Amino acid sequence: MYAEKALIRVHRDLKVHTCFYPNPHTAATIILVNGSLATSVSFNASLKYLTPIFNVVTYDQPYQGQSRVHNRQLPLIGKEDEALILLELIEHFRADHLLAFSWGSVAALLALAQRPARINKAIISSFSPILNSPMLDYLSNARAALGACDRQAIGNLINDTIGEHLPPLFKRCNFRHVSTLEEFEYAQMLFHIRQVASLDRDRFMGCVGNIDTPLLFINGELDRYTSPDDALRFSRMAPQSEFATIRHTGHFLELEHKTAWQDVKQVVERFVLRDGAMGNEQKMAMVG
């Protein structure tokens, strides 16, 4: 798939490696925000249903992937910094849609709370405002493994928890990627976990209440860590929100099986292609 690659200087003189996948048949552009320990490569399955609709932008955070080599003297970067980076990239690429996955959603929601004028709609995937018991256990074990830089434990933890419903091939790829990262990336992830664990939920939800962009929250029915029921808590604060649950699917949604990919494609297309604003109602859909 053809991509125009560029290195862009952003917030705090950081450098971000980007890929722009052009679609000559549309002026609409969507920017994708990946989750922790992941790179833009994690969106390869999403590109297959997004590129026929949009120009698509992916990028690696300054501390990861193809950006890392360009930011050798790098401080730890917080979610607020990631939100500012995202806002600058939205302006640079004139993006009018956004899709964020998992913990990338924290930075995305913080950015959306600034009410960027360009963004028409946003999709938040595999995220909830609640740190439930399975998520708290996962974060506790992750802190221990990352603090000890235990590569095998980190790789196994991802596959045994949020990756429990991934097919074997993806689990092997996950383990190989996560267990071979640089120590600095583990330190960065540990910093993020501490930030998330100390997140003031009421303050964060108040921030979400400032978002005036229509939002679609997508969660997997089998996801014990960011469950559909927990995601529904957003309906109290996000006035233009709707929710979709992908049946027979866990945290990684379209990566888990072909039917899940088709179901995610369906709900995303329905949301982004629908004309007009959504109004003030909250809608719940079960797909699959």
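Numbering follows this note's numbering, with no gaps: position 204 of the sequence shown is 1689.
Ideal Cβ placement from N, Cα and C applies to all residues, glycine included.
These numbers come from a predicted model, not from an experiment.
#1: Does DSSP classify Ala1745 as helix, strand or coil?
#2: Under 8 Å between the Cβ atoms of Ile1562 and Tyr1548?
#3: What do you get for Cys1504, buried or exposed, if any count of 16 or more other CB atoms within 10 angstroms of its CB means buried?
#4: Can you check which of these residues, Leu1522, Ser1587 and Asp1498, is closest to Glu1667 by C-alpha distance?
#5: Whose CA, out of Ser1531, Ala1491 and Val1541, lies closest to the CA of Thr1511?
#6: Please state if the CB of Pro1652 and the CB of Glu1741 are separated by a distance shorter than 8 Å.
#7: Would you mind listing the beta strand (DSSP E) stretches within the region 1570-1595 that are 3+ residues and don't spill past its ends, in chain order?
#8: Label Glu1489 either buried or exposed according to how many other C-beta atoms from any shown protein chain fall within 10 Å of its C-beta, with 16 as the threshold for buried.
#9: So what does Ile1515 bridge to, in DSSP terms?
#10: Report the CB separation of Ala1672 from Leu1624 in whole angstroms; it is logged as a contact under 8 Å.
#11: Give me whichever residues DSSP pairs with Ile1493 in a beta bridge.
#12: Thr1734: which of Met1674, His1577, His1650 and Gly1691 sits nearest, CA to CA?
#13: My parser needs the beta strand (DSSP E) runs of 3 or more residues fully inside the region 1684-1708; what are they?
#14: Could you tell me whether the region 1744-1763 touches the region 1707-1723, using the rule of 3 or more Cβ pairs below 8 Å?
#15: Residue ranges of each alpha helix (DSSP H) run of no fewer than 4 residues wholly in the region 1638-1683, ordered along the chain?
#16: On the DSSP bridge assignment, give the partners of Tyr1506 in chain order.
#17: Assuming Leu1707 contacts Ala1729 under a Cβ cut-off of 8 Å, what Cβ separation, rounded to an integer in Å, is found between them?
#18: How big is the Cα-Cα spacing for Arg1688 and Asn1695?
#19: State buried or exposed for Ala1446, treating a residue as buried only when at least 16 other CB atoms are found within 10 Å of its CB.
#20: Is Ser1610 helix, strand or coil by DSSP?
#21: Below 8 Å on the Cβ atoms is my contact criterion, and I expect Leu1621 with Leu1675 to pass it. Report the Cβ-Cβ distance as a whole number of Å.
#22: What are the boundary residues of the alpha helix (DSSP H) that includes Asn1626?
#23: In chain order, what residues of the same chain lie with their CB nearer than 8 Å to the CB of Ile1604, ignoring the 5 residues before and after it?
#24: Would you kindly work out how many angstroms separate the C-alpha atoms of Asp1645 and Asp1685, rounded to a whole number?
#25: So Leu1492 and His1555 are supposed to be a Cβ contact under 8 Å. How far apart are they, rounded?
#26: Spatial neighbours of Leu1571 within its chain, please: CB distance less than 7 Å, with the 5 preceding and 5 following residues excluded, ordered by chain position.
#27: Going straight from the alpha carbon of Met1690 to that of Ser1611, what length do you get?
#28: Only counting the same chain, and skipping five residues up and downstream in sequence, which positions put a Cβ closer than 6 Å to that of Tyr1506?
Put simply:
#1: Position 260 of the sequence shown, counting from 1, holds the residue named residue 1745. Correct three-state label for Ala1745: helix.
#2: Your numbering for residue 1562 matches position 77 in the sequence shown. Your numbering for residue 1548 matches position 63 in the sequence shown. Contact flag set, yes.
#3: Translated into positions along the sequence shown, residue 1504 becomes position 19. With 16 or more other Cβ atoms within 10 Å, it is buried.
#4: What you label residue 1667 is simply residue 182 of the sequence shown in a count that begins at 1. Taking only the C-alpha atoms, the option nearest Glu1667 is Leu1522.
#5: Position 26 of the sequence shown, counting from 1, holds the residue named residue 1511. Out of Ser1531, Ala1491 and Val1541, Val1541 has the C-alpha closest to the C-alpha of Thr1511.
#6: If you number the sequence shown from 1, residue 1741 lands on position 256. If you number the sequence shown from 1, residue 1652 lands on position 167. Yes.
#7: 1582-1586
#8: Taking the sequence shown and counting its residues from 1, one reaches residue 1489 at position 4. It is exposed - the Cβ of Glu1489 has fewer than 16 other Cβ atoms within 10 Å.
#9: The residue you call residue 1515 lines up with position 30 of the sequence shown. Val1541 and His1582, per the DSSP bridge assignment.
#10: Within the sequence shown, residue 1672 is the residue found at index 187, counting from 1. Within the sequence shown, residue 1624 is the residue found at index 139, counting from 1. Not quite, the Cβ-Cβ distance comes to about 16 Å (not below 8 Å), so this is no contact.
#11: Within the sequence shown, residue 1493 is the residue found at index 8, counting from 1. In DSSP, Ile1493 forms a bridge with Val1501.
#12: Indexing the sequence shown from 1 puts residue 1734 at position 249. Checked all of Met1674, His1577, His1650 and Gly1691; the closest Cα to Thr1734 is His1650.
#13: 1700-1705
#14: no
#15: 1653-1663 and 1668-1682
#16: Along the sequence shown, one-based indexing puts residue 1506 at 21. Note: Tyr1506 sits in a beta bridge opposite Val1541.
#17: Start at 1 with the first residue of the sequence shown, and residue 1707 comes out as number 222. Start at 1 with the first residue of the sequence shown, and residue 1729 comes out as number 244. That pair is no contact at about 14 Å.
#18: Here residue 1688 is taken as the residue at index 203 of the sequence shown, counted from 1. Here residue 1695 is taken as the residue at index 210 of the sequence shown, counted from 1. In a straight line, the C-alpha of Arg1688 is about 11 Å away from that of Asn1695.
#19: What is shown of the chain runs 1486 to 1773, which leaves residue 1446 out entirely.
#20: Looking up residue 1610 in the sequence shown gives position 125. Residue state, collapsed to three classes: strand.
#21: As a first step, residue 1621 must be located in the sequence shown, where it is residue number 136. As a first step, residue 1675 must be located in the sequence shown, where it is residue number 190. Wrong, their Cβ atoms sit about 16 Å apart, outside the cutoff.
#22: As a first step, residue 1626 is located in the sequence shown; it is residue number 141 there, counting from the start. Segment Ser1618 to Gly1632, the alpha helix (DSSP H) holding Asn1626.
#23: The residue labelled residue 1604 in the question sits at position 119 within the sequence shown. Here the set comprises Ile1575, Ala1580, Asp1581, His1582, Leu1583, Leu1597 and Thr1698.
#24: Your numbering for residue 1645 matches position 160 in the sequence shown. Your numbering for residue 1685 matches position 200 in the sequence shown. Taking the straight line joining both Cα atoms gives about 28 Å.
#25: Mapped onto the sequence shown, residue 1492 falls at position 7. Mapped onto the sequence shown, residue 1555 falls at position 70. That pair is a contact at about 6 Å.
#26: Counted from its first residue, the sequence shown places residue 1571 at position 86. Closer than 7 Å at the Cβ level, and outside the excluded window around Leu1571, lie Val1518, Ala1592, Ala1593 and Ala1596.
#27: As a position in the sequence shown, residue 1690 is number 205, starting the count at 1. As a position in the sequence shown, residue 1611 is number 126, starting the count at 1. Computed Cα separation, rounded: 17 Å.
#28: Within the sequence shown, residue 1506 is the residue found at index 21, counting from 1. These residues qualify, in order along the chain: Ala1488, Thr1536 and Val1541.
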